[in-house]
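Numbering-wise (UniProt numbering), the sequence shown opens with residue 1 and increments by one.
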Amino acid sequence: MRLDILPLLFTSFDSNTIQVQGAALVATANVHEIIDEASLRVTVLPKIKAVYEKNALDAKIVGNVMTCIERILDKLDKQQFL
């Protein structure tokens, strides 16, 4: 799954379609446990930030961004944030 599905999921964040970006956020929140911490930091978080910056006025996207970040932060090493 990691080699087939995750690259597809990561490229979905770069879509110009807001529905695809929203689906990528929901999917990432649901499968965050199988994504390694390095990929979360280097790939996922910057892509989430980019989606938020493009769609900051869309309440549904903002909600999905917050949900996704909330779930991801539980997995990341908190000592590196302090």
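The beta-carbon is built from N, C-alpha and C at its ideal position, and this holds for glycine as well. It should be emphasised that the depicted structure is a prediction, and the values quoted were computed from it without experimental measurement.
Can Cys68 and Ala29 be called in contact, C-beta distance under 8 Å?
Position 68 of the sequence shown, counting from 1, holds the residue named residue 68. Position 29 of the sequence shown, counting from 1, holds the residue named residue 29. Taking 8 Å as the Cβ cut-off, Cys68 and Ala29 qualify as a contacting pair.
- Along the alpha helix (DSSP H) that carries Ala53, what are the first and last residues, could you check? Within the sequence shown, numbered from 1, the residue matching residue 53 stands at position 53. In the sequence on display, residue 53 carries Glu and not Ala. Start and end: 45-54.
- request: Could you spell out where the alpha helix (DSSP H) holding Ser12 opens and where it closes?
  value: Mapped onto the sequence shown, residue 12 falls at position 12. Judged by DSSP secondary structure, Ser12 falls within the alpha helix (DSSP H) whose first and last residues are 5-12.
(message) Please tell me whether residue 92 and Phe10 are closer than 8 Å, where the distance is taken between their beta carbons.
(response) Since the displayed the chain opens at 1 and closes at 82, residue 92 lies outside it and no answer follows.
Count the other CB atoms within 10 Å of the CB of Ile5; is the residue buried (16 or more) or exposed (fewer)?
Taking the first residue of the sequence shown as position 1, residue 5 is located at position 5. Ile5 comes out exposed.
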